[in-house]
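S.K.: A single structure is presented below for examination.
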Amino acid sequence: MSAVELEKIREEINDTDRELIRLLKKRFDLVSKAAVSKKEFGDKVYSREREAYVISSAEKYAVESGLPEGLLSDVMKRLLRESYKICSATDFSYPKTLKESGDIVIVGGNGGMGRVFSRYFEASGYKVFSFGHRGWDKAPEYLKNAKVVIVTVPIDVTVEVIQKLSPLLREDQLLCDFTSVKAPIVDAMMKYHKGPVLGLHPMFGPDVKSLVKQVIVTVPQRDEKASEFLVEQFRIWGAKIVKSEAADHDKAMSIIQALRHFGTYSYGSFLQSLNPDLKRLIELSSPIYRMELMMVGRLFAQDPRLYGDIIMSSDANLELIEKFVRSLSKDLSIVKDKDLDAFTERFLKTREYFGEFADVAFKESGSLLAKLQDERQ
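Per the working numbering, residue 5 is the first one in the sequence shown, and the count goes up by one each step.
As structure tokens, then:
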């Protein structure tokens, strides 16, 4: 093959790419039209059935066309994620589940999570009022027509804010919180407020582009029926709702958040004390270590008080972290003794605990690592 022939093939590839771009633009234009129709029909942003159909159909046609297995599945998932962003844009209006009049008040609404939910409530046609520690003089005015009041402030002042807020509330107003610890907070809301109470924990950060598939934990307390419209509103936005008891939630969060964040914080702090050349570490890293390093860097790019509050929010967290640190001594002894048999026994016992999830994790993490490797320069 001559250089001229190769250049001709490359031009055909370029033409094909341009046609793909034109078709992608057409698809997103159609998504925008579908988003408007969803609003008119009161449909949710996200449909699991529709997503499954789109991905399976694309994969089926791809295989029939002789394309690599899994290729179109990856492509369609990426396209769907962008489609959800279109439906989550600020100029898109969502159906409103509250059929009566009533405003939303977010105490601490000028923070990251407050801004995220303010945008969504406003896109659904609610009037939203927010105030922080300097806006209490306006609270009575804001609360006058409120149906839902959400407290999203640092954990260490949440109970104090609830206590200060409650005398201003009517018994028909729904009081909620976004705190990552639930038992003491819902207890405080139940103690100081006589109306409906719903504990909430959004399991994501303020940098999300869409609420589709994002988990929101609900901890219903007094008068669960009064909060059903709000939970349904979250579903319409595409969120996955996970209902929990306060104690079960807090026990799980000690592992999911406190222990995990402590481990990441400790590892990052230890790296800082060693002071290795970070650029060199990244150059030499395998995809999996690069991912781990990115997760560490992500934590330290955020608010230290937020993570400190989460880690130090309960005695149960401290007890779990102490137990974890003690367990490291046992593992360190195995390494110091070069006891490969003990290491293997402990390894296999842990594999047995993870069960089928270990194989799922191996496969899914492989896909993530492949995507990460694509981004490598």
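Every residue, glycine too, gets a C-beta built ideally from N, C-alpha and C.
Which class does L173 belong to by DSSP, given the choice of helix, strand or coil?
M.R.: Here L173 sits in coil by DSSP.
S.K.: For K150, is the classification buried or exposed, using 16 other Cβ atoms within 10 angstroms of its Cβ as the cut-off for buried?
M.R.: One detail in the question is off: residue 150 reads as Ala in this sequence, not Lys. Per the 10 Å Cβ criterion, buried.
S.K.: For F135, name the three-state secondary structure that DSSP assigns.
M.R.: strand
S.K.: Extract the residue ranges of the beta strand (DSSP E) inside the segment 61-139, only unbroken runs of 3 or more that lie entirely within it.
M.R.: 107-111, 132-135
S.K.: Taking Cβ to Cβ, would you say I108 is nearer than 8 Å to G118?
M.R.: no
S.K.: Along the chain, where does the beta strand (DSSP E) that runs through H205 open and close?
M.R.: 201-206
S.K.: Going by beta-carbon coordinates alone, are L303 and T268 separated by less than 8 Å?
M.R.: yes
S.K.: Hey, is F347's beta-carbon within less than 8 Å of any beta-carbon in chain C?
M.R.: You won't find chain C in this structure, because it holds only one protein chain.
S.K.: Based on the DSSP secondary-structure assignment, which residues constitute the bridge partners of D281?
M.R.: In DSSP, D281 forms no bridge with anything.
S.K.: Could you compute how far the alpha carbon of V120 sits from the alpha carbon of P210?
M.R.: 6 Å
S.K.: Under 7 Å Cβ to Cβ from T94, same chain only, skipping five residues before and after it: list those, please.
M.R.: Unreliable positioning characterises T94 in this predicted model, as indicated by a pLDDT of 46, which lies under 50. The coordinate reading is nonetheless provided below. Close CB contacts of T94 within its chain, under the 7 Å cut and outside five residues either way in sequence, are with R123, A127 (chain order).
S.K.: Sorted by chain position, which residues of the same chain lie with C-beta nearer than 8 Å to A192's C-beta, five sequence neighbours on each side aside?
M.R.: T162, V163, I166, Q167
S.K.: For T222, which beta-bridge partners are listed by DSSP?
M.R.: L204, K247
S.K.: Count the C-beta pairs between the segment 274-290 and the segment 145-159 that are closer than 8 Å, then say yes if the count reaches three, no if not.
M.R.: The answer is no - the segment 145-159 does not touch the segment 274-290, with fewer than three Cβ pairs under 8 Å.
S.K.: Mind checking whether L76 and E63 have CB atoms under 8 Å apart?
M.R.: yes
S.K.: Once the 5 residues before and after D313 are set aside, which same chain residues still bring their CB inside 7 Å of it?
M.R.: Excluding sequence neighbours, D313 sits near P158, I159, D160.
S.K.: Taking 6 Å as the limit between beta carbons, can you name the residues of its chain near I189, skipping five residues before and five after?
M.R.: T162, D181, T183
S.K.: Whose C-alpha, out of G116, K148, D141, K340, is nearest the C-alpha of K131?
M.R.: K148
S.K.: Check A39 in the structure and name its three-state DSSP category.
M.R.: helix
S.K.: Could you tell me which of S134, G129, K103 sits nearest to I114, measuring between CA atoms?
M.R.: According to the sequence as given, residue 114 is Asn; it is not Ile. Of the candidates S134, G129, K103, the one whose C-alpha sits nearest the C-alpha of N114 is S134.
S.K.: Just to confirm, is the Cβ distance from L202 to I220 under 8 Å?
M.R.: no
S.K.: For a quick check, are the C-beta atoms of I315 and H253 less than 8 Å apart?
M.R.: Contact: no.
S.K.: Pull up the CB-CB distance for V300 and G272, whole angstroms please, since I reckon it's below 8 Å.
M.R.: 5 Å between Cβ atoms; contact.
S.K.: What is the C-beta distance between I388 and T354, in whole angstroms, given that I count them as a contact (C-beta under 8 Å)?
M.R.: Nothing about residue 388 can be reported from this structure: the residues present for the chain run from 5 to 381 only.
S.K.: Tell me, please, which residues DSSP counts as bridged to V153.
M.R.: V109, L179.
S.K.: Quick check: what's the CA-CA separation for E249 versus K195?
M.R.: 17 Å
S.K.: Would you kindly check if the distance between the Cβ of Y50 and the Cβ of K213 is under 8 Å?
M.R.: no
S.K.: Using the three-state DSSP reduction, which class does E379 fall into: helix, strand or coil?
M.R.: coil
S.K.: With burial defined as no fewer than 16 other Cβ atoms inside 10 Å of the residue's Cβ, what is the status of P171: buried or exposed?
M.R.: exposed
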